[in-house]
Amino acid sequence: MNRRLVVYVISDSIGETGEQVVKAAISQFVCKDCEIRRFPYISEEEQIIEIMNEAKNENSMIVFTMVIPSLRKILLEKAKEHNIITVDAMTPIVEALEKALKETPKNEPGLIRKLDEKYFKKIEAIEFAVKYDDGKDPRGLKKADIVLIGISRTSKTPLSMYLAHKNIKVANVPLVPEVPVPDELFKIYPRKIIGLTTNPIKLNEIRQERLKALGLKNEANYASMDRILKELDYAENIMKRVGCPIIDVASKAIEESAGIILEIIKENA
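Whatever position you read off the sequence shown (first residue = 1), add 12 for our numbering.
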């Protein structure tokens with residue numbers, strides 16, 4: 013008859029990794045009476061002693077993910093005193109990486125959780141940029157960290173996506189003479205708005221290439237110099253009315269324009 017087994021998962025972080033390893037291992041056995049008890053955020057010797065006093069009275073083993081050397085040492089010493097089987101689920105991998113990378117580990121708990129949080133913030137920012145791209149929903153302007161405004165083909169969308177990968181929520185609004193500017197644009201802090209402008213000759217070339225890609229004739233009003241000058245003049249008036257910083261993107265790579273925007277964000281922080 014199998015004895016009941018209690019597996020203690022002890023961690024100086026959340027302990028999720030250790031628990032998943034135990035569950036995967038247990039699945040390889042017919043363990044009708046196995047219990048997993050997770051003890052996260054262990055940071056004091058007293059906590060370890062308390063867990064050991066509980067574990068010593070049961071048929072138990074300990075799986076731990078402790079990156080703080082002093083806590084790991086205490087845990088191993090106490091487990092040895094009580095003849096409790098221990099499995100270090102982290103140290104062998106860390107030590108192997110240390111040798112392979114020739115680098116000292118940080119020994120800081122919870123780093124993977126911090127990385128996960130950063131990742132999810134990035135995804136949230138990307139989804140935000142898609143949702144509020146091209147003036148789709150003016151309500152997003154108040155929620156945005158930065159609002160980009162400019163006429164067509166001034167890199168609003170590429171810049172929005174680039175900044176989203178920096179965890180910045182960006183909305184963008186196209187400036188078109190025939191389309192009224194949303195009222196929300198005049199109700200937010202001007203330094204949160206970035207105006208994008210460009211050289212008319214450069215823009216003319218870009219728009220002509222765009223028309224070719226769409227299979228349209230170059231004579232279309234969209235690419236005419238008169239139309240471009242009219243749009244740029246209209247956009248400049250809006251930007252002056254808003255009172256926002258203006259970036260000329262004509263001869264700048266996306267990274268360069270984004271760098272200027274990041275500096276503006278830093279100044280406003």
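By construction, the Cβ of each residue, glycine as well, lies at the ideal position given by its N, Cα and C atoms.
All values reported here derive from a predicted model rather than from experimental measurement.
Drop a sphere of 10 angstroms on the beta-carbon of residue i, count the other beta-carbons inside from all chains shown, and report buried for 16 or more, exposed for fewer.
{"i": "ALA270", "result": "buried"}
{"i": "GLY30", "result": "buried"}
{"i": "GLY27", "result": "buried"}
{"i": "ASP45", "result": "exposed"}
{"i": "TYR201", "result": "exposed"}
{"i": "GLU279", "result": "exposed"}
{"i": "MET13", "result": "Since pLDDT at MET13 reaches only 45, below the 50 mark, its modelled position is unreliable, and no value is offered."}
{"i": "GLU275", "result": "exposed"}
{"i": "SER39", "result": "exposed"}
{"i": "PHE76", "result": "buried"}
{"i": "ASP284", "result": "The question about residue 284 has no answer, for the chain in this structure spans 13 to 281."}
{"i": "GLY227", "result": "exposed"}
{"i": "ARG15", "result": "exposed"}
{"i": "ASP145", "result": "buried"}
If we call anything under 8 Å between Cβ atoms a contact, is residue i one with residue j?
{"i": "ILE48", "j": "VAL79", "result": "no"}
{"i": "ASP100", "j": "ILE54", "result": "no"}
{"i": "LEU175", "j": "ILE158", "result": "yes"}
{"i": "ILE206", "j": "ILE138", "result": "no"}
{"i": "MET251", "j": "ILE161", "result": "yes"}
{"i": "ILE86", "j": "ALA67", "result": "no"}
{"i": "ILE277", "j": "LEU171", "result": "no"}
{"i": "ILE213", "j": "ARG165", "result": "no"}
Assuming residue i and residue j make a contact with CB atoms under 8 Å, what is their CB distance in whole Å?
{"i": "ALA3", "j": "VAL182", "result": "The structure shown does not extend to residue 3, since the chain spans only 13 to 281, so no value can be given for it."}
With distances taken Cα to Cα, identify the nearest neighbour of residue i among the options.
{"i": "GLU196", "options": "VAL185, ALA108 and HIS94", "result": "VAL185"}
{"i": "VAL188", "options": "ALA247, ILE105, ARG203 and THR98", "result": "ALA247"}
{"i": "ARG222", "options": "ASN211, THR209, TYR234 and PRO212", "result": "TYR234"}
{"i": "PRO117", "options": "PRO81, ARG203, PHE76 and TYR144", "result": "PRO81"}
{"i": "ARG203", "options": "LYS224, SER236, LYS214 and GLY255", "result": "GLY255"}
{"i": "PRO194", "options": "GLU107, LEU153, THR209 and SER167", "result": "LEU153"}
{"i": "PHE132", "options": "ALA36, LYS178, ARG151 and LYS155", "result": "LYS178"}
{"i": "LEU208", "options": "LYS90, ILE74, TYR144 and ALA262", "result": "ALA262"}
{"i": "GLN32", "options": "MET102, LEU17 and ARG165", "result": "MET102"}
Is any non-hydrogen atom of the ligand FMN found closer than 7 Å to the C-beta of residue i, if you look at the structure I gave you?
{"i": "LYS242", "result": "Here there are no bound small molecules, and the ligand FMN is not part of this structure."}
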